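Please read the structure below before turning to the comments.
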Amino acid sequence: MKLFFRLMRAGLLSMAMLTLIMCSKSEQPQAEPAAEQPAAEAPAEESNRGTASATFGAMAVSIDYGRPQLQGRDMLAQATDGMVWRMGMNEATEIKTDANLHFGETVIPAGSYSLWMKKVAGDNWELIFNKKTGIWGHEYPAADDFAAVPLTMSTAQESVETFTVELAANSETEGTLTAKWGTSVLSANFKVSAAAEN
1336 MKLFFRLMRA GLLSMAMLTL IMCSKSEQPQ AEPAAEQPAA EAPAEESNRG
1386 TASATFGAMA VSIDYGRPQL QGRDMLAQAT DGMVWRMGMN EATEIKTDAN
1436 LHFGETVIPA GSYSLWMKKV AGDNWELIFN KKTGIWGHEY PAADDFAAVP
1486 LTMSTAQESV ETFTVELAAN SETEGTLTAK WGTSVLSANF KVSAAAEN
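Numbered according to the numbering used here, the sequence shown terminates at residue 1533, and the numbering increases by one at each position without gaps.
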């Protein structure tokens, strides 16, 4: 009988010790998960778009275009006859005008158009106004062409590395659109009239 009680007491002591060990472990602080590190923000991409604008009284004309660089090339000089160019890079170049634009006898009504340049032959280029906007530059929609006007080609003394479009208001009714790249300068003079006029 004494042996029985000894065994019982030993068993109870073992259970008590085990309980104390388990409680001790459960009370130990648990390691917190590592805080999630915020993702590093990608560096802002340098803008490769440009804007040319001019005002004629209360009427504004603006052009949004891509600005490729020569990087040792001479893209306009290398263009082949019949080639149509997006007049920039990436998205198609677009013009928005509050005024009617008169290029000689050709009238471009006020509104928004995509702009394209076509090498007709030799140094003869055309500026194409297309009715489709908001498109990528390699998707030339010839079926939506509205009108084409001639551009005058000249040669600059200094090369322009980055393609540049300029709009100049020569007066309240006359302006000039100019595109420069390398030593090539293409331009067209125009007149403006209020949208209600023809």
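Note that CB positions come from ideal geometry on N, CA and C, so glycine has one too. On a predicted model such as this, the values are computed, not experimentally measured, just so you know.
In or out: residue 1494 buried (at least 16 other Cβ within 10 Å) or exposed? So residue 1494 ends up on the exposed side.
Decide if the region 1419-1434 is in contact with the region 1470-1484; the criterion is three or more beta carbon pairs, one per stretch, under 8 Å apart. In short, these stretches touch, since the Cβ pair count reaches three.
Apart from the five residues on each side of it in sequence, which residues of its chain come closer than 8 Å, Cβ to Cβ, to residue 1401? 1383, 1384, 1385, 1421, 1423, 1424, 1425, 1426, 1428, 1472 and 1498, listed in sequence order.
Looking at the structure shown, is residue 1413 part of a helix, part of a strand, or coil, going by DSSP? Helix.
Note down the Cα distance separating residue 1435 from residue 1522, rounded to an integer number of angstroms. Cα to Cα, residue 1435 sits roughly 18 Å from residue 1522.
In three-state DSSP terms, what is residue 1482? Of the three classes helix, strand and coil, the one that applies to residue 1482 here is strand, per DSSP.
With C-beta atoms as the reference, is residue 1449 less than 8 Å away from residue 1431? It is not a contact, given that the beta carbons lie outside the stated cut-off.
Using a 10 Å radius around the Cβ and a threshold of 16 neighbouring Cβ atoms, would you call residue 1363 buried or exposed? Because the pLDDT at residue 1363 is just 45, under 50, the model does not fix this residue reliably, and the point stays unresolved.
Answer with buried or exposed for residue 1519, where buried requires no fewer than 16 other C-beta atoms within 10 angstroms of its C-beta. Residue 1519 is classed as buried because its beta carbon has at least 16 other beta carbons within 10 Å across all chains shown.
Just to confirm the assignment, what range does the beta strand (DSSP E) spanning residue 1435 have? In this chain, the beta strand (DSSP E) harbouring residue 1435 covers 1435-1438.
Going by DSSP, name the residue or residues bridged to residue 1494. In the DSSP output, where bridge partners are listed per residue, residue 1494 has none listed.
Have a look at 1490, 1417, 1505 and 1517 and flag the residue whose alpha-carbon is nearest the alpha-carbon of residue 1388. Ranking the options by Cα distance to residue 1388, first place goes to 1505.
Beta-carbon proximity list for residue 1513, same chain, < 6 Å, skipping 5 on both sides: Closer than 6 Å at the Cβ level, and outside the excluded window around residue 1513, lie 1501 and 1522.
Once the 5 residues before and after residue 1415 are set aside, which same chain residues still bring their CB inside 8 Å of it? Only 1454 meet the Cβ criterion.
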